[in-house]
Amino acid sequence: MLAGFKLHSKSEIHVNAMCAWNQCKKATEMNTSMLNSLNMNRRKKVEENQHYVKTIANVLLLTAPQNIAQKGHRESSDSQNKGNFLAILDEIAKHDQFIEKRLDACWNAKYTSHQIQNEILQGLAEMEQMSLVVWYYYNGAIQESFLCFQAAESLDAAGLSKMIVNCQERHGLAYRNNLVGQGYDGASIMSGKHSGVSARIQSNARFTFYIHCNAKAVPEVVDFFALLQHLYNFVSGSYVHLKWLAVQKELYPLQQPRELQALTDTRWACRYTACRNLRVRLPAVLRLLQDLALERRGERSVEARGLLSQIDLQFIGLLVTFCKVLGDAKCLSDMLQSSTLDLARPLDLVSALTDTFQDYRTENYFDELWKVVEELAEQCKIGVQTHSKRHPRISSRFLDSLVMSTVGQRNCDDEGFPRSLFHQVIDCLISELKRRFSKKSCEIMQGVQSLNPKSATFLNEESLFAFESDLSDLKHEFHQTKRLLDRRVKSGLDRPSTLLDFIVFLEPYKEVFHEIFRLCKIAVVTPVSTASCERNFSALKLIKTHLRKTMADDRLSHLGTLSIESRRARALNMGDFVKHFATSHHNRRIMLF
């Protein structure tokens, strides 16, 4: 046997096999096998490609939250202004050889095109936009997340409600069972009782109630605020503004100059400031317009004369009226705009404000208001004398009749600022307060208050709005919850002081107190205003500037998400992002995995 092994060891077959084995052994030890070599090259290529895509994403994450434009007018290699995105990428390439190599590679694998930017970012000019925001309870805190901007291609109730539903379904939200409130800032198409957007949404999600956040407009009031905005625009011009400061220094030498306030459609609270500033400086505004009208300098003088002619007794009456009523309503407005609002707190204020406006409808109050109007008119040298109109002739059909009701003809004096207009403004305010704080809304707010530990009705069954809960279970849960809270206080621990503290306290027992815990989650996310959506439109104005009007709707929405949710955007894991990008981008020309 041993002789056979020796003989075999000298054979050509064995010698060749040993040579091959030694070579294999050397290759394994040196890690230079063809397979490993290919694997290493591939892994290196993948890492470089991932680094490149991460760099592109980081550039977009730099520009988007800062509301910086990305694209240039021309992005060819010989362009002097290729846009911020490519300019920043070129600057990075000066310090990163691989990025420079990728940018100099074949033109169809750079991943810097507009389509790729849109895919990574995931409206049209002059198009109405809708902002959608969700408010929810998660991990012991109230969370607020911007979903998207949507181009409102259809402005009827059916189209808008369908768009809202599609957006929720696209984001995987179980709105039919979990949506407990809806708030909009818009026209009557949103609030229609039978076929408005709110009614259509409520037909699909039965627990939702509606919060409207806008003001009903009277035509004269619309004209009044339009004139306020026009005055602001006119006085803000560089030449006019210098004269405006000079006039104030002359008329009010001991006071600081005041600026007129711009109006915004999304922030009604600013209208009080606009009215107040104009009222205290109305004589100066008139003096400024008179001086400019006498200059005879083309369009500016013509515009000054036009504005001057519109500041009459009715304008002063509306100015004094809105200074008063908007000043009274400012406390409620500020409370409703608060991001930390307790829902039940505005109820007493709403009731008091409604009673106040009711008192304003008396003749005595109008007489007092009219004295203030006359005083301001005299300061501005605007006449307050009224003249009787010509008495119209009664139709011959009624000559032999006793007229007991209106026939479309009136015998009255032109008061300049009629009582009817004042009463119309007050009536609109009262009706809007009653409509927006309806009986059902107040019941829900009082129900929220019954879950507030600081409330006198805390855990009061009669005040609770049950949202179709099991009342028998609730009764037992209330009793046990009170005992649990008493035991907590006796042990030396603090009693929950807010609704959020209370729900955090209940979370470990949510399986036991499932009905109360469910109601608490509904209470903390119940909407009161659309202030968040309004703030998002402020971001929209920063993103969609005059030079970026042609931005596509999807790109605008994704840029808005990165800008509004900038804190979460900066916390993104770039490794996870590259995996998601590689999966979603099917036409991949570079290896990412």
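For the sequence shown, full-length UniProt numbering gives the first residue as 1, with consecutive numbering after it.
Ideal placement from N, C-alpha and C gives every residue a C-beta, glycine not left out.
message = Quick check on the DSSP output: the alpha helix (DSSP H) that includes Tyr365 runs from which residue to which?
response = Glu363 to Gln379
message = Are the CB atoms of Val525 and Leu136 within a distance shorter than 7 Å?
response = Reading off the sequence shown, one finds Tyr at residue 136, where the question assumed Leu. Yes.
request  = Look up Ser9 in the DSSP assignment and say whether it is helix, strand or coil.
outcome  = helix
task = To the nearest angstrom, report how far apart residue 597 and Asp90 are at their CA atoms.
result = For the chain, the structure presents residues 1 to 593; residue 597 sits outside this window and is missing.
request  = Helix, strand or coil for Ser131, going by three-state DSSP, please let me know.
outcome  = strand
inquiry  = Measuring straight from C-alpha to C-alpha, what distance separates Asp576 and Ala158?
reply    = 39 Å
task = Give the DSSP-derived three-state secondary structure of Thr356 in the structure shown.
result = helix
message = Less than 8 Å between C-beta atoms, sequence neighbours within five positions excluded: which residues of the same chain meet that for Leu231?
response = Leu260, Leu278, Val285 and Leu307
query = For the beta strand (DSSP E) that Gly183 lies in, which residues bound it at each end?
reply = Gln182 to Tyr184
ask   = Is Thr526 helix, strand or coil when you go by DSSP?
value = coil
request  = Using the Cα positions of Gln409 and Ser203, report the straight-line distance between them to the nearest angstrom.
outcome  = For Gln409, the predicted model reports a pLDDT of 45, less than 50, meaning its position is unreliable; a value from the coordinates is still stated below. Each residue's alpha carbon lies about 46 Å from the other.
ask   = So, are the CB atoms of Glu443 and Asp473 less than 7 Å apart?
value = no
key: Counted within 10 angstroms of its Cβ, other Cβ atoms place Ser450 as buried (16 or more) or exposed   = buried
ask   = In whole angstroms, what separates the C-alpha of Leu282 from that of Lys324?
value = 16 Å
ask   = Counting Cβ pairs, one atom from each stretch, are 3 or more of them under 8 Å apart for the segment 176-183 and the segment 220-227?
value = no
ask   = Residues in its own chain within less than 6 Å of Glu126 by CB, not counting five upstream and five downstream?
value = With a pLDDT of only 42 at Glu126, under 50, the local geometry of the prediction cannot be trusted, and the value read off the model is given with reservation. Excluding sequence neighbours, Glu126 sits near nothing in its chain.
request  = My understanding is that Phe98 touches Glu144, with C-beta atoms under 8 Å, so please give their C-beta distance in whole angstroms.
outcome  = Incorrect: roughly 40 Å between the Cβ atoms, too far for contact.
request  = Please report how far the alpha carbon of Trp370 lies from the alpha carbon of Ile382, in whole angstroms.
outcome  = 14 Å
Same chain only: Cβ atoms within 7 Å of residue 614, ignoring 5 sequence neighbours per side = Given that the chain is displayed from residue 1 to residue 593, the structure contains no residue 614 and the question cannot be resolved.
request  = Using alpha carbons as the reference points, say which of Tyr239, Met335 and Ser351 lies closest to Arg297.
outcome  = Tyr239
key: Those residues which DSSP pairs with Ile68 across a bridge   = Its beta-bridge partners do not exist; DSSP assigns none.
CB contact flag (residue 625, Met445, <7 Å) = Here the chain covers residues 1 to 593 and nothing more, so residue 625 does not appear.
ask   = Which of the three DSSP states, helix, strand or coil, is assigned to Gln150?
value = strand
task = Report the rounded CA-to-CA distance for Val53 versus Leu60, giving the unit in angstroms.
result = 11 Å
inquiry  = Let me check understanding here. Comparing Cα to Cα, which of Arg567, Arg276, Gln290 and Thr208 lies closest to Val247?
reply    = Gln290
inquiry  = Going by C-alpha to C-alpha distance, which of Leu288, Glu250 and Ala205 sits closest to Ser236?
reply    = Leu288
ask   = Is it true that the CB of Ala64 sits closer than 7 Å to the CB of Leu556?
value = no
query = In this structure, what does DSSP give as the bridge partners for Tyr138?
reply = Ala141
Alpha-carbon to alpha-carbon, Arg305 and Arg200 = 49 Å
query = Taking the alpha helix (DSSP H) that Tyr239 falls in, what are its first and last residues?
reply = Ser238 to Leu251
Host alpha helix (DSSP H) of Phe505 (start-end) = Leu499 to Leu506
message = Between the alpha carbons of Arg567 and Ile68, how many angstroms are there, rounded?
response = 16 Å
query = If you draw a straight line from the alpha carbon of residue 606 to that of Lys82, how long is it in whole angstroms?
reply = There is simply no residue 606 to check, as the chain begins at 1 and stops at 593 in what is shown.
request  = Determine, using beta carbons only, whether Arg483 and Val489 come nearer to each other than 7 Å.
outcome  = no
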